[in-house]
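J.:
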Amino acid sequence: MAVPHAAVRSAAEGERRRVVVAGAAGNTVEWFDWTVYALFAVYFSEQFFPSSDEFASLLSTFAVFAVGFLARPLGSVLLGRIADRRGRKAALSVSILMMAGASLAIALLPTADRIGMAAAVLLVVLRLVQGLSLGGETAAVGAYLVESAPDGRRGRFGSVYPMTIMIGTVLGSLTGLVLTAVLTGEQMKDFGWRIPFVIGGLMGLIGFFVRRGAHEPLDTSHGHEQAPIRRSLREHRGAAAAVFVLVGAAGLSFFGLVAGFPTLAKFYGVGGEAAFEANTIGLALMAVLVPLLGVLSDRVGRRPVLAFGMLGVALTAVPAIALLAGGQPMIAQLLIVVPEAAMQAALMVALIERFPTSLRGTGFGAIWALSVALIGGTAPLISTALESRGLAWAFPWYVAVWCLAAGVVTLRMRETAFQPLPHG
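Count along the sequence shown starting at 1, add 74, and that's the number in our numbering.
Next comes the structure, spelled out in C-alpha cells:
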C-alpha cells in the first residue's frame with residue numbers, strides 16, 4: 075500500500091509545482107510590464123507631455139501612472155467576478171492577455187510630435203487597461219496560490235506572489251541597467267524606452283499559454299454566487315480596515331522607495347546607471363529574502379514578520395533618503411529592502427487568511443486595489459510634486475508615518491498562521 079500512497083503524494087506535489095509555476099510566471103510578466111512604466115518614465119515623459127519644464131512633463135507622466143492605479147479597483151471587481159464564478163485560472167488568463175496587449179501597444183504608440191494630444195490620450199487608455207489587468211491579477215493570483223497550499227505551508231506558497239513582483243521588477247531594472255549602459259541618453263529618449271514594453275508584451279503571450287494548462291483550485295461546479303463588496307465591509311469590517319491600512323503602507327513604501335528609486339535618485343543628482351545598479355541589486359536581494367521570510371512566517375506566525383517589516387521601514391525611510399542625498403545609493407537601497415522584504419513576504423497571506431473563499435476574489439481584491447490606488451499608486455506623483463516645490467525631504471516622512479500606523483495595526487491583529495483557511 076506504500077507505493078500507491080507515494081504515487082498519490084508525488085502527483086499532488088507535481089500539481090502544486092505546476093500551480094507555483096503558473097502563478098509565478100504570469101505574475102512576473104505582469105509586474106515587469108507594470109513597473110517598466112515607472113522605471114523608464116524619465117526617458118519618455120517629454121515624448122508624450124512636451125513642456126519646457128522637465129518636472130511638468132514628469133508630473134504628467136506620473137499622473138498617468140496614478141490613473142492606472144485608479145483603474146485597479148474596477149479591474150478587481152470585473153476580474154474578481156470571473157475569479158469567483160468561473161475560477162481563478164480563467165481570471166488570470168484574461169488579466170495577462172490584457173497586460174501583454176497594452177504593453178505591446180505602448181511600445182508602438184506614436185509620440186506627441188506625430189499625432190499631438192492623441193498620444194497622451196492613448197497612453198492614458200492603455201494605462202487604464204493595464205490597471206484593470208493588474209487589479210484583477212492581485213487577488214486572483216494570491217487566492218490561487220494560498221488555496222492550493224497544503225496546511226502549514228501557506229506562507230511559503232503565498233510568498234511566491236511578492237517574490238515574483240520582485241523578480242518582475244528586477245528584470246525591469248536589469249533591462250534599464252543594460253539599456254542605459256549601451257545607449258546614450260538621447261537614444262533612450264528616442265527609441266530605447268520602447269524596448270522593455272516589447273519584451274514585456276512578448277513575455278505576456280508566453281505566460282498566457284503557461285496559465286492555460288494550470289490547475290484550478292476552486293470548485294466552480296456549484297456556481298459560487300458573487301458576494302458583494304459591501305458584505306466584506308459589513309461582516310469583515312476589521313479585516314477590511316486592516317487591508318486598507320497595511321496595503322497602503324506596503325504600496326507606498328514599495329512604489330515610492332523601491333520601484334521608484336531611480337526617479338528619487340535623479341532628484342538627488344545620482345546618475346541613472348548607479349541608480350539602476352543599486353535598484354537591481356536591492357530587488358534581487360528582496361527576491362531571495364521574500365520566500366525565506368514566507369517560510370519563517372509559517373513557523374513563527376504572520377504577525378511578527380509583518381510587524382518587523384512595517385516598523386522597520388518606518389525607522390529606515392528617512393535615514394535611507396539621507397544616504398541617497400549624500401551620494402550613497404547602494405547603501406540607501408539596501409537599508410530599505412530588508413524590512414520591505416519582510417513586509418511583502420507576509421502581507422498577502424496574512425490578509426487572505428482573514429476572508430472566506432467567496433470574498434477573496436472580489437471583496438478582498440477590491441479593498442486591496444482601492445488602497446493601492448489611493449495610497450501606493452500616488453507615491454511617484456507625490457514625491458515628484460514635493461520635489462518640484464523644494465520639499466523632497468517630506469516624502470520619506472510621509473512613508474514613515476504610514477508604515478508606523480500600519481505597524482501598530484499589525485501588532486493588534488490576531489494571528490492566523492496556525493488556523494484553518496476560512497471557507498464559505
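Beta carbons: idealized from backbone N, C-alpha and C, even for Gly. A quick note: this is a predicted structure, and the numbers were derived from the prediction, not measured.
Would DSSP call residue 487 helix, strand or coil?
T.: As a working mapping, residue 487 is identified with position 413 in the sequence shown. Note: residue 487 maps to coil in three-state DSSP.
J.: Reducing DSSP to helix, strand and coil, say where residue 253 ends up.
T.: If you number the sequence shown from 1, residue 253 lands on position 179. Residue 253: helix per DSSP, three-state reduction.
J.: When you compare the segment 182–198 with the segment 222–241, are there three or more beta-carbon pairs, one atom per stretch, that lie closer than 8 angstroms?
T.: Not touching, per the Cβ criterion.
J.: Just reading off the alpha helix (DSSP H) that residue 430 is part of, what are its end residues?
T.: Working through the sequence shown from its first residue, we reach residue 430 at position 356. Residue 430 -> no alpha helix (DSSP H), and no H or E assigned at all.
J.: Check whether the segment 342–354 and the segment 477–495 are in contact - that is, three or more C-beta pairs closer than 8 angstroms.
T.: These segments do not touch.
J.: For residue 476, does the count of other Cβ atoms within 10 angstroms reach 16, so buried, or fall short, so exposed?
T.: Here residue 476 refers to the residue found at position 402 of the sequence shown. Buried, because 16 or more other Cβ atoms sit within 10 Å of the Cβ of residue 476.
J.: With distances taken Cα to Cα, identify the nearest neighbour of residue 156 among 114, 382, 240 and 213.
T.: For the purposes of this step, residue 156 is taken as residue 82 along the sequence shown, with counting starting at 1. Considering only alpha carbons, the answer is 213.
J.: Residue 143 and residue 451 look like a contact to me (Cβ under 8 angstroms); what is the Cβ gap, rounded to whole Å?
T.: In the sequence shown, counting from the first residue as 1, residue 143 sits at position 69. In the sequence shown, counting from the first residue as 1, residue 451 sits at position 377. Contact flag correct, Cβ pair sits at about 2 angstroms.
J.: Would you grab the beta carbon distance between residue 327 and residue 387 for me? Rounded to a whole angstrom, and I think it's under 8 angstroms.
T.: Against the sequence shown, residue 327 aligns to sequence position 253. Against the sequence shown, residue 387 aligns to sequence position 313. Sure, about 5 angstroms apart at Cβ, within 8 angstroms.
J.: Which residues bound the alpha helix (DSSP H) around residue 500?
T.: As shown, the chain starts at 75 and ends at 498. That puts residue 500 outside it, with no answer to give.
J.: Taking 6 angstroms as the limit between beta carbons, can you name the residues of its chain near residue 443, skipping five residues before and five after?
T.: Translated into the one-based positions of the sequence shown, residue 443 becomes position 369. The residues are 146, 147, 150 and 209.
J.: Considering only residues of the same chain and omitting the five flanking positions on each side of residue 267, which have a CB-CB separation below 6 angstroms?
T.: Within the sequence shown, residue 267 is the residue found at index 193, counting from 1. Cβ neighbours of residue 267 beyond the five flanking positions: 114, 117 and 118.
J.: Spatial neighbours of residue 200 within its chain, please: C-beta separation below 6 angstroms, excluding the five flanking residues on both sides.
T.: Taking the sequence shown and counting its residues from 1, one reaches residue 200 at position 126. Same-chain partners within the cutoff: 176, 179 and 180.
J.: Cutting at 8 angstroms between CB atoms, please list the residues of its own chain near residue 82, excluding the five before and the five after it.
T.: Position 8 of the sequence shown, counting from 1, holds the residue named residue 82. The predicted position of residue 82 is uncertain, since its pLDDT is 44 and thus under 50; no value can be drawn from it.
J.: Alpha carbon to alpha carbon, what distance is there between residue 207 and residue 409?
T.: Here residue 409 is taken as the residue at index 335 of the sequence shown, counted from 1. Here residue 207 is taken as the residue at index 133 of the sequence shown, counted from 1. For residue 409 and residue 207, the distance between alpha carbons rounds to 32 angstroms.
J.: Have a look at residue 174 and residue 368 and give me their C-alpha separation to the nearest angstrom.
T.: Residue mapping note: residue 174 aligns to position 100 of the sequence shown, counting from 1. Residue mapping note: residue 368 aligns to position 294 of the sequence shown, counting from 1. Answer to the nearest angstrom: the Cα atoms are 29 angstroms apart.
J.: Using CA atoms only, rank isn't needed, just tell me which of 316, 362 and 251 is closest to residue 238.
T.: Translated into positions along the sequence shown, residue 238 becomes position 164. Among 316, 362 and 251, the Cα nearest to that of residue 238 is on 362.
J.: What's the gap between the Cα of residue 487 and the Cα of residue 216?
T.: Reading the sequence shown from its first residue, position 413 is the one you call residue 487. Reading the sequence shown from its first residue, position 142 is the one you call residue 216. Rounded to whole angstroms, residue 487 to residue 216 spans 20 angstroms at the Cα level.
J.: Excluding five sequence neighbours on each side, which residues of the same chain lie with their C-beta closer than 7 angstroms to the C-beta of residue 319?
T.: Within the sequence shown, numbered from 1, the residue matching residue 319 stands at position 245. Cβ-Cβ distances below 7 angstroms link residue 319 to 479, 480 and 483 in the same chain, with the five nearest sequence neighbours on each side left out; the list follows chain order.
J.: Do residue 364 and residue 233 count as a contact pair if the criterion is CB distance below 8 angstroms?
T.: Residue mapping note: residue 233 aligns to position 159 of the sequence shown, counting from 1. Residue mapping note: residue 364 aligns to position 290 of the sequence shown, counting from 1. Residue 364 is positioned such that its CB atom lies closer than 8 angstroms to that of residue 233.
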